[in-house]
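Presented below is the structure to which this report refers.
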Amino acid sequence: MRNKRILILGGTGLARLAADSLVAQGAHVTTSLAGVTRQPHLPEGHLRVGGFGGAEGLAEFLNDAKIELVIDATHPFAAQISANAAAAAGRVPLLRLEPKAWLPQSYDVWVNCASIAEAVQLLPPNAIAAVTVGRKEVGAFFARGDLSGIARMIEPTAALVPKNWRMILQRPPFTVETESALLRGDHIEFLVSKNAGGARVAKLDAAAQLAIPVVMIARPLKPPVPTFHGLEELLGSLN
Ligand code: NAP
Numbered sequence: 014m015r016n017k018r019i020l021i022l023g024g025t026g027l028a029r030l031a032a033d034s035l036v037a038q039g040a041h042v043t044t045s046l047a048g049v050t051r052q053p054h055l056p057e058g059h060l061r062v063g064g065f066g067g068a069e070g071l072a073e074f075l076n077d078a079k080i081e082l083v084i085d086a087t088h089p090f091a092a093q094i095s096a097n098a099a100a101a102a103g104r105v106p107l108l109r110l111e112p113k114a115w116l117p118q119s120y121d122v123w124v125n126c127a128s129i130a131e132a133v134q135l136l137p138p139n140a141i142a143a144v145t146v147g148r149k150e151v152g153a154f155f156a157r158g159d160l161s162g163i164a165r166m167i168e169p170t171a172a173l174v175p176k177n178w179r180m181i182l183q184r185p186p187f188t189v190e191t192e193s194a195l196l197r198g199d200h201i202e203f204l205v206s207k208n209a210g211g212a213r214v215a216k217l218d219a220a221a222q223l224a225i226p227v228v229m230i231a232r233p234l235k236p237p238v239p240t241f242h243g244l245e246e247l248l249g250s251l252n
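Each position in the sequence shown, counted from 1, maps to that position plus 13 in the working numbering.
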């Protein structure tokens, strides 16, 4: 691992942990961030920020920086950058690091759907929803004029927030107590979530306790590359 030149496509907690571990093992690690979060938690090692300019730009970067291994540790819903990585990698080995999807427990009430568009359509007329899908896609819910509720995200959305919606800017982690208080306080009838996966998060437990149905959006398909669901597993494969 010593001095191995590794590019980590990041923007997730798992990517940061991978960078920290690989730097500790002596690898030459560069983490790439899209540059959408104003004050990201920074990983150990080198950092580059901003798009590469599509798959071609990424291929050029891999060549110029003499990258020997790419770890795609981007969010399971970041489909474009993963497609670009698969197209650009060529002879450079590419691994994916992403948490396992959440599975519903016996006490959960989930309405599964395949996309944001489907989630928007699933909500009944005049539903009051807590939408936690990130700033890029929340506008699709605003566009349905009869819906209202809360839209929580880390960075503000570029979409115009209608007056029947309350935008909350917060960064996880959250507790079941605060999540329950939020859902109860705003009389939420549906929670909308992407299946980000990993450790089960408090909003799911809060919704289950309050018998609030969760509209759970499945992950987009990504190109088939060797995938690891945990850091130890990935590190084990490299040594
Ligand atoms: P995306 O739709 O897959 O990518 C859009 C474009 O952003 C890519 O084509 C690429 O631009 C650039 N990009 C994305 N990730 C990058 C990275 N790590 N380094 C350099 N450029 C990157 O991505 P997204 O859904 O907007 O997500 C952006 C970032 O936020 C990702 O890094 C992801 O890990 C993180 N994130 C996303 C979500 C989510 O729900 N989507 C949630 C949490 C964190 P070029 O084509 O110009 O290279």
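Ideal Cβ placement from N, Cα and C applies to all residues, glycine included. All values derive from a computational prediction rather than experimental measurement.
Rounded to whole angstroms, the Cβ separation of G48 and M14 is 28 Å, and the two are not in contact under 8 Å. In this structure, V205 lies near V228, with their beta-carbon atoms less than 9 Å apart.
Going by C-alpha positions, Y120 is about 29 Å away from L244. Judged by DSSP secondary structure, V205 falls within the beta strand (DSSP E) whose first and last residues are F203 to K207.
Membership of V36 in the alpha helix (DSSP H) is indicated by the continuous run G26 to A37. In this model, P137 and S161 are separated by some 11 Å (Cα to Cα). The continuous stretches of alpha helix (DSSP H) do not include V174, and DSSP gives it neither H nor E.
The Cβ atoms of I94 and L110 do not sit closer than 9 Å to each other. Straight-line measurement puts the Cα of C126 at about 6 Å from the Cα of A132. The beta-carbon separation of R184 and I167, rounded to 5 Å, stays under the 8 Å limit for a contact. In this structure, the straight-line span from the alpha carbon of A78 to that of A96 is close to 20 Å.
Leaving aside the five residues that flank G67 on each side, the residues in its chain whose CB is nearer than 7 Å to its CB run, in chain order, N97. In the DSSP secondary-structure assignment, I141 is bridged to S161. Distance from the CA of A102 to the CA of L22, rounded to the nearest whole angstrom, comes to 12 Å. Between K216 and R232, the C-beta spacing is not below 9 Å.
Under DSSP, R179 forms a beta bridge with I163. Here DSSP, grouped into helix, strand and coil, assigns F65 to coil. The DSSP-derived three-state label of N125 is strand. Spanning the alpha carbons of V105 and E81 requires a straight line of approximately 6 Å. DSSP places L196 inside the alpha helix (DSSP H), whose first and last residues are V189 to G198.
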